[in-house]
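Here's the structure, in structure tokens; my notes come after.
Have a look at this one:
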């Protein structure tokens, strides 16, 4: 956990004061709706369908138990006793009152938390691997770099009014669990031949209504240049990014319109002025930031053979929800927030408190929020796994479905969000109910299913192996289905990819059956269990899936004629 | 009547005075590089912020000061409120024409909205981490 120093704390306290003043001025009529919107949004406050929504920052998804308890307390006192973990590793409260928000922020500041830049046209929470610091395939501890970027991007005077929101993700491991390629800037830590740390820089990826895979503009950026290079990218974007059309204002459009090469040239030309300037990072700063992170005091243990534990139900959880740890004798546990019937990512205040107790007892008082909307106990002794499993099961957080079809990523959708075209949560639930047979789920194997209630794509549907998008047709909710998306190279060779729409959209009631048809097609055609759904789509294309879902001749006559004519 | 702040004081500008030099007014789409050779001769540079959320002028301010060495009055004009002041001053602005209705005296407090910045800027040429490590 990064611990604030006096200045970090002071800035957060000053923000509380500033926001309180802005809220008062708005309520007194001194700030217009539009002005206050721009100001409140950069403090995470939306005015939603039924009430304001407050998004609280959890920088790079790392949260201490005292912070989680504070979130539980705030949710109980100012909201309806629950919160929602988002795909940006943050927490959202759906029912706070506008006039309470300054008090909520003041409460958050007492535990080194805030809602700074969690929305609006500003730098958003920098995200990273939920297994950072404990993964066996780690290249660097990404938290240190994320914190350096957090500081640089917080109240950045030049870049506080960007054309549009700006999302940076940083991956410090070999596997990409961060979805680096679908961020405005994606950073992959790499080591060169001499073992020096640097970053591969991608730019212009993103989801939303124009989904794009980011392009590499630098293969190796030595770490001292990280901030000056970011500054160069941001200056080009701040000056030349489109501001005439909100739908074309993300950096991906600038990169696309200019072309990757020209964009790179502009960044390099700007960087030539900034390189080796005062913002060049120094080793002392990296060490200083690293030293402000608390580290688990691991015991000297050896790995134990967990396969011998013969407790019914434990093996399935162990297989899906426990991951290897770089320290012998420890393991990483994912608490699933994807129990059927509960909106994905939702937790009650009671659960938050119980989870905090669990983390204090078994995992050094820290948790991580994953972008898949689950919680991770990163440092559990292997000897404690059975106890943790039992406790998690009691809390309804031990659904053994990590990486499986029912571990659905979903935005809050039309039940809460003013932007949504359609509901997402009932769709997630209907699918989870259809696929409630655990053996069948395990047989289907790894499958990411993501749902967004509108084309803003908060549920990351473009990068789900199966993606579902809520669309509006003459005031009715319909759902478009995509297949073949992939969030990133979690497996060697399986590149990040965007899904392709299989055809006309479906009514909500049809969706579970459509997923079932897709799965049937997959099971019938996969060459082995090792070939995942997404691998098969990439190997054979979407046509066979299309045929299986929509049937053939009677529904697509013209196409059949054409095919025959060609044959 | 717009509110004018100069040197952290609210001032009233009687009328556009026939000053000794010209006033160079830059729009957000203007490139300061195109005006670099005129900067030594102008009475002041105004940078226009046409909309509340339009942040291009912040980059223009830094470029004028840091890259093109402009040392004269740098005035931010347009749809600005006290909420911009801290950032504007960090980016090198020293005169501010806020939108009508802003109470200039109340607005002055906003220069101290934050007591520090992590980043290097015109006002703080060294980033916090360089000042921290001495």
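Residue numbers (my numbering), protein chains in the order written: chain Y, 1 to 567; chain H, 568 to 701.
A virtual CB, placed ideally from N, CA and C, is assigned to each residue, including glycine.
Note that this is a predicted model, so its numbers are computed, not measured.
Neighbour flag for residue i against chain H, beta carbons, 7 Å
i, result
"residue 161 of chain Y", "yes"
"residue 18 of chain Y", "yes"
"residue 395 of chain Y", "no"
"residue 14 of chain Y", "yes"
"residue 43 of chain Y", "no"
"residue 151 of chain Y", "yes"
"residue 39 of chain Y", "yes"
"residue 157 of chain Y", "yes"
"residue 279 of chain Y", "yes"
"residue 572 of chain Y", "Only positions 1 to 567 of chain Y appear in this structure, which leaves residue 572 of chain Y out of reach."
"residue 381 of chain Y", "no"
"residue 508 of chain Y", "no"
Cβ-heavy atom distance, residue i to the ligand PLP, below 6 Å
i, result
"residue 71 of chain Y", "Of the ligands one can find in the structure shown there are none, so the ligand PLP has no counterpart to examine."
Backbone secondary structure at residue i - three-state DSSP
i, result
"residue 611 of chain H", "strand"
"residue 92 of chain Y", "strand"
"residue 619 of chain H", "coil"
"residue 136 of chain Y", "coil"
"residue 562 of chain Y", "Since pLDDT at residue 562 of chain Y reaches only 38, below the 50 mark, its modelled position is unreliable, and the value read off the structure follows with that caveat. If DSSP states are grouped into helix, strand and coil, residue 562 of chain Y belongs with the helices."
"residue 45 of chain Y", "strand"
"residue 556 of chain Y", "Bear in mind that the predicted position of residue 556 of chain Y carries a pLDDT of just 46, short of 50, making it unreliable; the figure below should be weighed with that in mind. In the structure shown, residue 556 of chain Y sits in coil (DSSP, three-state: anything other than H, G, I, E or B)."
"residue 325 of chain Y", "coil"
"residue 320 of chain Y", "helix"
"residue 60 of chain Y", "helix"
"residue 577 of chain H", "strand"
"residue 294 of chain Y", "coil"
"residue 596 of chain Y", "Here chain Y covers residues 1 to 567 and nothing more, so residue 596 of chain Y does not appear."
"residue 595 of chain H", "coil"
"residue 36 of chain Y", "helix"
"residue 55 of chain Y", "strand"
"residue 123 of chain Y", "strand"
"residue 606 of chain H", "helix"
"residue 547 of chain Y", "helix"
"residue 4 of chain Y", "coil"
"residue 418 of chain Y", "coil"
"residue 693 of chain H", "coil"
"residue 111 of chain Y", "coil"
"residue 331 of chain Y", "strand"
"residue 311 of chain Y", "coil"
Proximity winner among the options, relative to residue i (alpha-carbon distances)
i, options, result
"residue 452 of chain Y", "Y/410, Y/446 and Y/433", "Y/410"
"residue 643 of chain H", "H/697, H/659 and H/676", "H/659"
"residue 608 of chain H", "H/572, H/655 and H/637", "H/637"
"residue 40 of chain Y", "Y/116, Y/295 and Y/533", "Y/116"
"residue 203 of chain Y", "Y/18, Y/469 and Y/233", "Y/233"
"residue 108 of chain Y", "Y/80, Y/162, Y/43 and Y/156", "Y/43"
"residue 122 of chain Y", "Y/129, Y/104 and Y/161", "Y/161"
"residue 213 of chain Y", "Y/220, Y/377 and Y/205", "Y/205"
"residue 279 of chain Y", "Y/318, Y/235 and Y/227", "Y/227"
"residue 327 of chain Y", "Y/373, Y/380, Y/7 and Y/293", "Y/380"
"residue 210 of chain Y", "Y/251, Y/222 and Y/175", "Y/251"
"residue 398 of chain Y", "Y/438, Y/426, Y/547 and Y/424", "Y/438"
"residue 572 of chain Y", "Y/61, Y/269 and Y/476", "Summary: the structure shown does not reach residue 572 of chain Y, with chain Y confined to residues 1 through 567, and so no result is reported for it."
"residue 407 of chain Y", "Y/435, Y/490 and Y/347", "Y/435"
Those residues which DSSP pairs with residue i across a bridge
i, result
"residue 663 of chain H", "H/572 and H/643"
"residue 84 of chain Y", "Y/92 and Y/346"
"residue 128 of chain Y", "Y/170"
Below-7 Å beta-carbon distance, residue i vs any chain Y residue
i, result
"residue 602 of chain H", "no"
"residue 674 of chain H", "no"
"residue 641 of chain H", "no"
"residue 694 of chain H", "yes"
"residue 661 of chain H", "no"
"residue 687 of chain H", "yes"
"residue 597 of chain H", "no"
"residue 664 of chain H", "no"
"residue 645 of chain H", "no"
"residue 632 of chain H", "no"
"residue 613 of chain H", "no"
- request: Would you list, in sequence order, the uninterrupted alpha helix (DSSP H) runs of no fewer than 4 residues that lie entirely inside the stretch 345-416 of chain Y?
  value: Taking only runs of at least 4 residues, the alpha helix (DSSP H) segments lying wholly in the stretch 345-416 of chain Y are 349-362 and 385-394.
- request: Go through the stretch 152-206 of chain Y residue by residue and report every complete run of the alpha helix (DSSP H) that reaches 4 residues or more, in order.
  value: Unbroken alpha helix (DSSP H) stretches of 4 residues or longer found wholly inside the stretch 152-206 of chain Y: none.
message: Going residue by residue through the stretch 442-515 of chain Y, where are the continuous beta strand (DSSP E) segments of at least 3 residues, counting only ones entirely within it?
response: With a minimum length of 3 residues, the continuous beta strand (DSSP E) runs that stay inside the stretch 442-515 of chain Y are 449-452, 466-473 and 476-483.
3-residue-minimum beta strand (DSSP E) runs that sit fully inside the stretch 194-274 of chain Y, ordered along the chain: Listed in chain order, they are 197-203 and 215-222.
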